[in-house]
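Colleague: Those protein sequence lines, which keep their order, are chains A and B. Letter 27 of the first sequence, counting from 1, is numbered 175 in the numbering used here, and no numbers are missing. Letter 345 of the second sequence, counting from 1, is numbered 454 in the numbering used here, and no numbers are missing. Just so it is clear, CB atoms sit at the ideal spot from N, CA and C, and this is done for glycine as well. Computed from a predicted model, the values in this text were never measured in an experiment.
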Amino acid sequence: MKKDSITYEQAISRLSQIVNDLEKGNMPLADSLSLFEEGTSLMKRCTELLDAAEQKVVMLKKGADGEPVELPFEEEA
Amino acid sequence: MNENRVYSVSELNGFVKELFDATPMFSQLSVRGELSNYKIYPSGHHYFTLKDSESSIRCVMFKSSAVRLRFHPENGMSVTVSGRLSVYPRDGAYQFYCSAIMPEGTGDLQLAFEQLKKKLSDEGLFDASHKKPLPHYPDRIAIITSSAGAAVHDMIRILGRRWPMSKVILLPVRVQGVEAPPEIVGAIRYANRHALADLIITGRGGGSIEDLWAFNDERVARAIYESEIPVISAVGHEPDVTISDYVADARASTPSNAAEIAVPDRSEEMDMLSGFSIRSSQAMDKRLKNLRTELDNYRSRRVLRDASAPIDDRRQELDYLRDKLGSAMERALAEKRRAQVRLAASLDAMSPLRVLTRGYSIASDEHGKLVWSVKTLKSGAPLRLRLSDGSADCRVESIEEDQ
């Protein structure tokens, strides 16, 4: 899976697996190291996703043709 | 009225009806009694008898009034009916024209709620086995509520603070009044038909039982039940419970609570990530430490401490083998040498020339053929004698054969 297309959920589930595997510590060192590297890059990816996220809010309203159209929803409070 | 006049039945009933209708008290009154013989006709009109222990009266509720009933009237129910008293001229019978029925004791909405709750519960709409799990990290959340009011803003604000990664799609609907249930149903179905979201939140802020009534509507309940997308019901305040709450996959006590249930909290996720980071680093450290210990163990053994040790061992073994091989070779050579000497000696012993030194001689004819019998000899034949140190040509003088 390409790193950039991975979702947060997929990244977290892979991360949790990696951490468990690393903690078992029963694989060859080279494999541990490449897992560790993968985990580090996944953590970076997740943190980026969390940091960069900006909430998107839209409102679906019936357009002139009767089909719903997406409009930005302004906080009118 | 003229005493001698003969009236038709229709005329008489018409007069009686006029009398009834002209009586102010009859035009608007309420009567308490018990429902019996309750029938709903295909026309949509409701017919029943209202009775007490001694008496009864026929009642009718036309469709236009009956559609406003929130609960299902049942035989034996104690009720108060409101309406007017009049005459049905065709039968010459007076009856109660009912515009509303209120159950005794509890309110009609409460009764309607209990009735629908029992009905849907019996049908299995609230079964835990039908409830869908909510997505852990919803990608798109459809909010089906009023676009005005505090509820929608509370939800959007909390969703944005906790988990801004989820896109929020607001489907504005009316949340009270007769239009509300079909609009809510339509929005739930629309979201499903277009796979608009992976989570739906529907609800509204607090209000009276009448205000919340759309979420006690059977159509809304069924739409929530049929939704492929998990639904969180978020109606009113903590103590308010609606049919939607029972049928939804998750119930939130308030709209704000729904936003908290819907998404994880970003800061908790950050904590979890640092937890992962710490755990994997610790696991690697431990791993490397173990390897180092293992390495030290190996290093402490002689083979590794003294790198030439195994080579010396081998060299020693090689020397030993070389020695062994050398002496074996020598022994073999000596043996061969001795055999050769023995062979040479026996060859020497067998040489005919050696015999000649002992005084023997060898005779051969003119062709060089050895002569070993007198029978082949003739007188005067040349003969060559080989002696130990030379040859002599001779001639046979006489032949004497041994007897």
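Do you know whose CA, among B/Lys241, B/His245 and B/Val284, lies nearest B/Met274's CA?
Modeller: When each option's Cα is compared against that of B/Met274, the closest is B/His245.
Colleague: Thinking C-beta only, is B/Gly153 closer than 9 Å to B/Ala175?
Modeller: Against a cut-off of 9 Å, the Cβ pair of B/Gly153 and B/Ala175 comes out as a contact.
Colleague: Using a 10 Å radius around the Cβ and a threshold of 16 neighbouring Cβ atoms, would you call B/Ile508 buried or exposed?
Modeller: The residue in question, B/Ile508, is exposed, as its Cβ has fewer than 16 Cβ neighbours within 10 Å.
Colleague: Looking at chain B, which residues of the segment 202 to 218 of chain A have a Cβ within less than 9 Å of any of its Cβ atoms?
Modeller: If the cut-off is 9 Å between Cβ atoms, the segment 202 to 218 of chain A has Glu202, Gln203, Lys204, Val205, Val206, Met207, Leu208, Lys209, Pro216 and Glu218 near chain B.
Colleague: Taking B/Leu279 as the reference, which of A/Glu215, A/Val205 and A/Ile154 has the closest Cα?
Modeller: Residue A/Val205 is the option with its Cα nearest to B/Leu279.
Colleague: Can you grab the Cα-Cα spacing for the pair B/Lys487 / B/Ser470, in whole Å?
Modeller: Going from the Cα of B/Lys487 to the Cα of B/Ser470 covers about 19 Å.
Colleague: Report all residues from its chain with a CB closer than 7 Å to the CB of B/Ala357; omit the five preceding and five following residues, and keep chain order.
Modeller: So the list reads Ile333, Val340, Ile341 and Ser342, once near-sequence residues are dropped.
Colleague: Between A/Leu208, A/Asp213 and A/Ala212, which has its C-alpha nearest A/Leu219's C-alpha?
Modeller: It is A/Leu208.
Colleague: By the criterion of Cβ-Cβ separation under 9 Å, what are the contact partners of B/Ile265 in chain A?
Modeller: Going along chain A in sequence order, the residues near B/Ile265 (Cβ under 9 Å) are Gln203, Val205, Phe221 and Glu223.
Colleague: Does any residue of chain A have a CB that is nearer than 9 Å to the CB of B/Val277?
Modeller: So yes, B/Val277 belongs to the interface.
Colleague: Go ahead and pull the three-state DSSP assignment for B/Val169.
Modeller: If DSSP states are grouped into helix, strand and coil, B/Val169 belongs with the strands.
Colleague: Determine the burial state of A/Met149: buried for a count of at least 16 other Cβ atoms within 10 Å of its Cβ, exposed for fewer.
Modeller: Interpretation of A/Met149 is limited by its pLDDT of 46, a score under 50 that renders its predicted location unreliable; the figure taken from the coordinates is listed afterwards. So A/Met149 ends up on the exposed side.
Colleague: What residues from the segment 378 to 409 of chain B come within 7 Å of chain A, judged by C-beta to C-beta, listed N to C?
Modeller: Per Cβ criterion, the list reads Glu378, Met379, Leu382, Phe385, Ser386, Arg388, Ser389, Ala392, Met393, Lys395, Arg396 and Leu400.
Colleague: DSSP three-state label for B/Lys433, please.
Modeller: DSSP places B/Lys433 in helix when its eight states are reduced to three.
Colleague: Only counting the same chain, and skipping five residues up and downstream in sequence, which positions put a Cβ closer than 8 Å to that of B/Ser500?
Modeller: Excluding positions up to five away in sequence, the list reads Arg493 and Leu494.
Colleague: Does any residue of chain B have a CB that is nearer than 9 Å to the CB of A/Ile166?
Modeller: Judged by the 9 Å Cβ criterion, A/Ile166 is in contact with chain B.
Colleague: Under 8 Å, CB to CB, which of the residues in the segment 344 to 367 of chain B have a partner in chain A?
Modeller: Cβ contacts with chain A: none found.
Colleague: Under a three-way DSSP split, which group does A/Leu177 fall into?
Modeller: Helix.
Colleague: Assuming B/Phe205 contacts B/Gly192 under a Cβ cut-off of 8 Å, what Cβ separation, rounded to an integer in Å, is found between them?
Modeller: Indeed, because the Cβ distance is near 6 Å, the residues count as touching under 8 Å.
Colleague: Does any residue of chain B bring its CB to less than 9 Å from the CB of A/Ile160?
Modeller: It does; some Cβ of chain B falls within 9 Å.
Colleague: Could you tell me which of B/Asp502, B/His239 and B/Lys276 sits nearest to B/Ser331, measuring between CA atoms?
Modeller: As written in the sequence, residue 331 of chain B is Arg, which differs from the Ser given in the question. Nearest of B/Asp502, B/His239 and B/Lys276 to B/Arg331, Cα basis: B/His239.
Colleague: Compile a chain-ordered list of the residues in the segment 178 to 195 of chain A whose CB is closer than 7 Å to at least one CB of chain B.
Modeller: From the segment 178 to 195 of chain A, only Ser180, Phe184, Gly187, Met191, Cys194 and Thr195 have a Cβ closer than 7 Å to chain B.
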